[in-house]
Ligand SMILES: Cc1cc2nc3c(=O)[nH]c(=O)nc-3n(C[C@H](O)[C@H](O)[C@H](O)COP(=O)(O)OP(=O)(O)OC[C@H]3O[C@@H](n4cnc5c(N)ncnc54)[C@H](O)[C@@H]3O)c2cc1C
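In the working numbering, the protein residues as written are 438 to 853.
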């Protein structure tokens, strides 16, 4: 049976997949969006909700090698590694740590910087088009350091961010108190990302994006995809638990689960997950005006529509390990320290950042079948990079010159 040339399936309705679906639909594709869960209900649900176009410094960083032993012991730490899973993921961990050299980190900074510079225009185009402006708060984003030593150690990275075009204002303790009087007055200093903004509810934004996609004729299917199988050189069959879709193109935007889809057409890419948690403080949204990043604690506290959300930390323990209560207690302690007036905590959440060893996403075609296109691995910045990824995927599929050089994000980089 002949399939319409514009038939395209997008697997995954997180921020990345829904953005791909909308940009492809705009370009005239007949898009089917498929997800096993509700749109925006997985990793794109519980994040810190910051639009972090400044976030070009990866977690794998020269400093990580020096601090790793200390980070692996005790509960007062932003990073934790499950000993059992750590052994299983050793090959990935070694690749991740190899990317801590200065030269490789600079490549990652350049690769992330190129995407981040285009991120705001691409995302706002979608957010505004779906009537989502009321879900955006533009008051900048604070990033704070507890000690003078931490502040001094951060200066080189602050300079690198400025070199990537990020607008940053330096703040002393009294500036911080003026901006956010409920914060503990003990911070040594910090910075304001002047152009930072945040979403009051990432899931509400994604829901509106999906509703617009459907209103414009897109097909939404609630379905778990099991495999992608070859039909012809320019056609594949996307097989779900209850239905299958024959298509010219399939975009894999399934976040941390992207490489689990069977059928053999997906390259063996080294995708792992950096787990992160959130704790809600439902009665405390009024304590902050803008998201506050606690550099030493590895988390953000963001005022959202349904309360204050403290989100972050990194746990390397895979996709199936149970919730680690010690991570949640750590977050509660850090919030009490930063915001002494905060009250009772509420609901909690565990999410799965999709991460490749060089902290860059894969945006490109499968080497095994040209109909399969990758759009995953956005680690700590998928809310920020969803829009630009959607636009680049559309340009790639339509053989247009991509507005960002796609070389750093090619899947082939892992076969070197
Ligand atoms: C604690 C924490 C804080 C964060 N803070 C920020 C932040 O402030 N700013 C920022 O930009 N980013 C942040 N992030 C990162 C961001 O949340 C992620 O990068 C982003 O949500 C990834 O989006 P995604 O669309 O790739 O994945 P997801 O949102 O996980 O979507 C993938 C979708 O694919 C579906 N799926 C998977 N497999 C299948 C299958 N076989 N069949 C059908 N459907 C499937 C899933 O159900 C899911 O809905 C944070 C992450 C965490 C954990």
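The beta-carbon is built from N, C-alpha and C at its ideal position, and this holds for glycine as well.
- If you ignore the 5 residues before and after residue 495, its C-beta comes within less than 6 Å of the C-beta of 545, 796, all in its own chain and listed in chain order.
- According to the DSSP secondary-structure assignment, residue 789 is paired through a beta bridge with 712.
- Residue 774: member of the alpha helix (DSSP H) spanning 762 to 775, first to last residue.
- With respect to the 9 Å criterion, residue 629 and residue 488 are not classified as neighbours on the basis of their beta carbons.
- Proximity to residue 782 across 794, 788, 767 peaks at 767, based on C-alpha coordinates.
- Separation of residue 764 and residue 780 (C-alpha to C-alpha, rounded to the nearest whole angstrom) is 19 Å.
- Note on residue 825: 16 or more other CB atoms within 10 angstroms of its CB, so buried under the neighbour-count rule.
- Counting the other CB atoms within 10 Å of its CB gives residue 525 a total below 16, which places it among the exposed residues.
- When secondary structure is reduced to three states using DSSP, residue 614 falls in the helix class.
- Less than 9 Å divides the Cβ of residue 735 from the Cβ of residue 516.
- Around residue 443, the same chain offers 465, 466, 467, 685 as residues with beta carbons nearer than 8 Å, after the five sequence neighbours per side are excluded.
- If you look at residue 682, you'll find it in the beta strand (DSSP E) that goes 681 to 684.
- In this structure, ligand 1 has no non-hydrogen atom nearer than 8 Å to the beta-carbon of residue 809.
- The closest heavy atom of ligand 1 lies 8 Å or more from the beta carbon of residue 686.
- Note on the segment 507 to 539: whole alpha helix (DSSP H) runs with a minimum of 4 residues are 520 to 525, 527 to 535, in chain order.
- Of the candidates 758, 775, 624, 802, the residue whose Cα lies closest to the Cα of residue 745 is 775.
- Excluding five sequence positions before and after residue 569, the CB atoms of its chain that fall closer than 7 Å to its own CB belong to 642, 645, given in chain order.
- Exclusion of residue 776 from the 8 Å shell around ligand 1 follows from its C-beta lying no nearer than that to any non-hydrogen atom of the ligand.
- For ligand 1, no non-hydrogen atom lies closer than 8 Å to the CB of residue 824.
- Runs of the beta strand (DSSP E) lying entirely within the segment 573 to 620 and spanning at least 3 residues, in chain order: 578 to 582, 605 to 608.
- Bridge pairing for residue 472: 659 [DSSP].
- Under the three-state reduction of DSSP output, residue 564 falls in the helix class.
- Per DSSP, the continuous alpha helix (DSSP H) segment holding residue 639 begins and ends at 639 to 652.
- Residue state for residue 843 is assigned as coil, using DSSP reduced to three classes.
- Ligand 1 has no heavy atom closer than 8 Å to the beta-carbon of residue 805.
- Take residue 683, set aside five residues on each side of it, and the residues of its chain with a beta-carbon closer than 6 Å to its own are 440, 674, in chain order.
- Around the CB of residue 800, 16 or more other CB atoms lie within 10 Å, so the residue is classed as buried.
- In the structure shown, residue 480 adopts coil according to DSSP, grouped into three states.
- Taking C-beta separations shorter than 6 Å and ignoring five residues to either side along the sequence, the partners of residue 715 in its chain run 483, 746, 748, 786, following chain order.
- Here DSSP, grouped into helix, strand and coil, assigns residue 453 to helix.
- Cβ neighbours of residue 722 within its own chain (closer than 6 Å, five residues either side excluded): 740, 744, 745.
- With fewer than 16 neighbouring CB atoms inside 10 Å of its own CB, residue 593 falls in the exposed class.
- By DSSP's assignment, residue 747 forms a beta bridge with 716, 738.
- In this model, residue 475 and residue 571 are separated by some 22 Å (Cα to Cα).
- Bounds of the beta strand (DSSP E) holding residue 448 are 444 to 448.
- Relative to the Cα of residue 805, the nearest Cα in the group 840, 820, 848 belongs to 848.
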